[in-house]
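Participant: Numbering (the numbering used here), first residue to last: 24 to 484.
Built from N, CA and C at the ideal position, the CB exists for glycine as well.
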Amino acid sequence: MTTDQFVTANITPLDSLNTLSPIEVARLQDRNQAGLYQLFRQCCLAVLNCGSEVDSTKQVLEMYQDFDIQVAQKHQGIQLEIANAPASAFVDGEIIQGIRENLFSVVRDILYVGDEVGQDNQLAENVAITNQVFQILRHAQAIEPHIKPNLVVCWGGHSIGRTEYEYTKKVGYELGLRGFGVCTGCGPGAMKGPMKGATIAHAKQRISDARYVGISEPGIIAAESPNPIVNELIIMPDIEKRLEAFVRLGHGIIVFPGGAGTAEEILYMLGVLLHEKNHNIPLPLIFTGPAGSEAYFETIDRFVRQTLGDKAAERYQIIVDDPVEVASQMKEGLQHVTQYRKATSESFHFNWQLHIPETFQQPFEPTHEKMAELNLSHEQEDYQLASNLRRALSGIVAGNVKAQGIQEIETHGPFELSGDPEMMRSLDELLASFVEQRRMKINYQEYKPCYRIRVGDAAEA
Numbered sequence: 024m025t026t027d028q029f030v031t032a033n034i035t036p037l038d039s040l041n042t043l044s045p046i047e048v049a050r051l052q053d054r055n056q057a058g059l060y061q062l063f064r065q066c067c068l069a070v071l072n073c074g075s076e077v078d079s080t081k082q083v084l085e086m087y088q089d090f091d092i093q094v095a096q097k098h099q100g101i102q103l104e105i106a107n108a109p110a111s112a113f114v115d116g117e118i119i120q121g122i123r124e125n126l127f128s129v130v131r132d133i134l135y136v137g138d139e140v141g142q143d144n145q146l147a148e149n150v151a152i153t154n155q156v157f158q159i160l161r162h163a164q165a166i167e168p169h170i171k172p173n174l175v176v177c178w179g180g181h182s183i184g185r186t187e188y189e190y191t192k193k194v195g196y197e198l199g200l201r202g203f204g205v206c207t208g209c210g211p212g213a214m215k216g217p218m219k220g221a222t223i224a225h226a227k228q229r230i231s232d233a234r235y236v237g238i239s240e241p242g243i244i245a246a247e248s249p250n251p252i253v254n255e256l257i258i259m260p261d262i263e264k265r266l267e268a269f270v271r272l273g274h275g276i277i278v279f280p281g282g283a284g285t286a287e288e289i290l291y292m293l294g295v296l297l298h299e300k301n302h303n304i305p306l307p308l309i310f311t312g313p314a315g316s317e318a319y320f321e322t323i324d325r326f327v328r329q330t331l332g333d334k335a336a337e338r339y340q341i342i343v344d345d346p347v348e349v350a351s352q353m354k355e356g357l358q359h360v361t362q363y364r365k366a367t368s369e370s371f372h373f374n375w376q377l378h379i380p381e382t383f384q385q386p387f388e389p390t391h392e393k394m395a396e397l398n399l400s401h402e403q404e405d406y407q408l409a410s411n412l413r414r415a416l417s418g419i420v421a422g423n424v425k426a427q428g429i430q431e432i433e434t435h436g437p438f439e440l441s442g443d444p445e446m447m448r449s450l451d452e453l454l455a456s457f458v459e460q461r462r463m464k465i466n467y468q469e470y471k472p473c474y475r476i477r478v479g480d481a482a483e484a
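1. For Glu348, which residues in the same chain have their Cβ closer than 6 Å to its Cβ, ignoring the five residues on either side in sequence?
2. Using beta-carbon positions only, say whether Asp345 and Thr322 come within less than 9 Å of one another.
3. Enumerate, from N- to C-terminal direction, the unbroken beta strand (DSSP E) stretches of 3 or more residues contained entirely within the region 158-206.
4. Between which two residues does the alpha helix (DSSP H) containing Ile101 stretch?
5. State the start and end residues of the unbroken beta strand (DSSP E) segment that holds Ser449.
6. Going by DSSP in three states, Ala32 sits in which element: helix, strand or coil?
7. Based on the DSSP secondary-structure assignment, which residues constitute the bridge partners of Ser239?
8. Ordered along the chain, which non-local residues of its own chain (more than five positions away) have a Cβ less than 8 Å from that of Thr25?
9. Pull up the DSSP beta-bridge partners for Pro355, would you.
10. I'd like to know if the region 285-300 and the region 394-414 are in contact, where contact means that at least 3 CB-CB pairs between them fall below 8 Å.
11. For Arg462, would you say it is in contact with chain C, using Cβ-to-Cβ distances shorter than 9 Å as the test?
12. Can you look up Gly294 in the DSSP assignment and give me helix, strand or coil?
13. According to DSSP, Ala95 sits in a beta bridge with which residue or residues?
14. Using only the alpha-carbon positions, how far apart do Gln427 and Thr80 sit?
15. Suppose you measure from the CA of Ala49 to the CA of Glu255; what does that come to, to the nearest Å?
16. Can you say whether Ala245 is buried or exposed, counting buried as having 16 or more other CB atoms within 10 angstroms of its CB?
17. If Pro280 and Tyr339 are in contact, beta carbons under 8 Å, what's the gap, nearest whole angstrom?
18. State the beta-bridge partners of Phe438 as determined by DSSP.
19. Secondary structure at Ile342, three-state DSSP: helix, strand or coil?
20. Can you name, in chain order, every residue of its own chain whose Cβ lies under 7 Å from the Cβ of His298, other than the five neighbours on each side?
21. Going straight from the alpha carbon of Glu445 to that of Phe371, what length do you get?
22. How close, in whole Å, do the beta carbons of Pro172 and Thr361 come, if the pair is a contact with beta carbons under 8 Å?
23. With distance defined between alpha-carbon atoms, name the residue in Leu59, Gly315, Ile92 and Leu306 nearest to Glu355.
24. Determine the direct distance from the alpha carbon of Val478 to that of Tyr235, and round the result to whole angstroms.
25. According to the neighbour-count rule (16 or more other Cβ atoms, all chains shown, within 10 Å of its Cβ), is Pro472 buried or exposed?
26. Count the CB pairs spanning the region 162-179 and the region 446-453 that are closer than 8 Å, and state whether there are at least three.
27. In three-state DSSP terms, what is Leu43?
28. Is Trp178 buried or exposed, if buried means 16 or more other CB atoms sit within 10 Å of its CB?
29. Can you name, in chain order, every residue of its own chain whose Cβ lies under 8 Å from the Cβ of Leu454, other than the five neighbours on each side?
30. Please classify Leu308: does DSSP put it in a helix, a strand, or coil?
31. To the nearest angstrom, how far is the alpha carbon of Thr35 from that of Leu103?
32. Could you work out which residue in His162, Gln93, Gln228 and Met86 is closest to Glu47 when comparing CA atoms only?
33. Roughly how many angstroms separate the alpha carbons of Gly199 and Glu189, rounded to a whole number?
34. Measuring CA to CA, which of Lys334, Ala106, Thr222 and Phe90 is closest to Ala233?
35. Under DSSP, the alpha helix (DSSP H) around Val327 begins and ends at which residues?
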């Protein structure tokens, strides 16, 4: 049954996850606070809402408040019974195959994280978290041990303009010509563009098993619905494990222009690389965009140098308007990664040697109290400062697009951030540039800052 906007249908898996136990079905349908239904429903809706231009989880949930999904046990296996789903997920009454695959990826990851992860009580906490990340990726069959380093992570904004989007496709095309797979946050904009460009190049090179890995988490997936090119969707439990999955699974990172979320990713990566245990570990990190995007990278570079110092800036290179050079530099960087891992007997498929401090692993749920308590001063290790700045940006992302963060802002007003006056001015300049360049939200005309920067006795929005 269909309408112009909604579809009701029964969906069966193609060739995996054909069976579930009655207990697993009951957990997915449990609507109590401790049950999985709301999380399961939200993630499935995000997958079905592929191609959406709405980047507010709260707004998406309100648009499809009548959406429902049930798991039924049939004599031939399981079946998803969905009601009032977005019609864009269907063609002539049949669900698009890639969306069908991603729906059952949601089932796989939601159940596995709840049932299997978190049982490593005998391990140190940071080791246990890394082991959890590995288990989730392995269970999703994302670990490929017999392939040399060739997976490039691409970060960037979901609300970039057309010129920047076209540029991400050109870079993806050059990566694809060189046989590289692409891993992104799975959404639109700079997460979709590199995959789209790579598909053409892979077709030209007759690469039929190319990887387009999309890594998301429940809090963001509804605001950044998986784009249709993703052929390996993985849902991590939280943003911290999502970020760790990127840097453990990927072999090099390219950063395109973006907003607060992209700055959060940059601070995470630089903070990890600044730790003394990681000084000698090669991990190519390239910032790039088309002509006209120089202001974005100038602002980012200035902010990094003012807060974390020149040592942090030495860990990345900036390349403007040259997709071929970006891909060539990445190829050279991955050759160094391969040589290093051979010399140190490190695996190609998972970067075990990279040390990720616990401060980058512990989930940060932004509240007004926690945001106000962040230590944003130079009186700490530089990697710890990077972690706290990352958390500040994470809170702003939550206030922009995540349902819980939006509710927090509607109830209590903007988050307030304070710290060293000079650092606060740098942060204020960074965030103001994102607003001015229309990078905070797709619907930028209606954007109201969810934060205040306190410099001395004054607070600026």
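Facilitator: A quick look at the data gives this:
1. Excluding residues within five positions, the ones whose Cβ falls inside 6 Å are Ile342.
2. Cβ atoms of Asp345 and Thr322: not closer than 9 Å.
3. Entirely contained in the region 158-206, the beta strand (DSSP E) runs reaching 3 residues are, in chain order, 174-178.
4. Note, Ile101: premise wrong, no alpha helix (DSSP H); beta strand (DSSP E) at Gly100 to Pro109.
5. No beta strand (DSSP E) holds Ser449; the alpha helix (DSSP H) holding it covers Pro444 to Glu459.
6. DSSP, read as helix, strand or coil, puts Ala32 in strand.
7. DSSP output for Ser239 lists Ile258 as bridge partner(s).
8. Residue placement at Thr25 is poorly supported in this model, since its pLDDT is 46, which falls under 50; the coordinates still yield a value, given next. Within the same chain, Thr25 has close Cβ partners Thr31, Ala110, Phe113 and Gly116.
9. Looking at the sequence itself, residue 355 is Glu, so the reference to Pro does not match. DSSP lists no partner for Glu355.
10. The answer is yes - the region 394-414 touches the region 285-300, with three or more Cβ pairs under 8 Å.
11. Absent from the structure: chain C. Only one protein chain is present.
12. In this structure, Gly294 counts as helix in the three-state DSSP scheme.
13. Beta-bridge partners of Ala95 (DSSP): Gln102.
14. Rounded to whole angstroms, Gln427 to Thr80 spans 9 Å at the Cα level.
15. Cα-Cα distance, rounded: 26 Å.
16. With 16 or more other Cβ atoms within 10 Å, it is buried.
17. Going by Cβ atoms, the distance from Pro280 to Tyr339 rounds to 14 Å, so no, they are not a contact pair.
18. Under DSSP, Phe438 takes part in a beta bridge, and its partners are Tyr474.
19. Residue state, collapsed to three classes: strand.
20. Taken in chain order, the residues that qualify are His378, Pro380 and Tyr406.
21. Between the alpha carbons of Glu445 and Phe371 lies a distance of about 42 Å.
22. Contact between Pro172 and Thr361 holds, with the beta-carbon distance rounding to 5 Å and staying under 8 Å.
23. Cα-wise, what sits closest to Glu355 is Leu306.
24. Cα-Cα distance, rounded: 43 Å.
25. With at least 16 other beta carbons inside 10 angstroms of its own, Pro472 counts as buried.
26. With a cut-off of 8 Å, the region 446-453 and the region 162-179 do not count as touching, because too few Cβ pairs lie within range.
27. The three-state secondary structure of Leu43, taken from DSSP, is coil.
28. Taking every protein chain shown into account, the CB of Trp178 has 16 or more other CB atoms within 10 angstroms, so this residue is buried.
29. Closer than 8 Å at Cβ, skipping near neighbours: Ala283, Ile419, Pro472, Tyr474 and Ile476.
30. DSSP places Leu308 within a strand segment (E or B) once states are collapsed to three.
31. The straight-line gap from Cα to Cα measures roughly 6 Å.
32. Relative to the Cα of Glu47, the nearest Cα in the group His162, Gln93, Gln228 and Met86 belongs to Gln93.
33. Spanning the two alpha carbons is a distance of roughly 15 Å.
34. Nearest option by C-alpha distance: Thr222.
35. For Val327, the enclosing alpha helix (DSSP H) has its first and last residue at Glu317 to Thr330.
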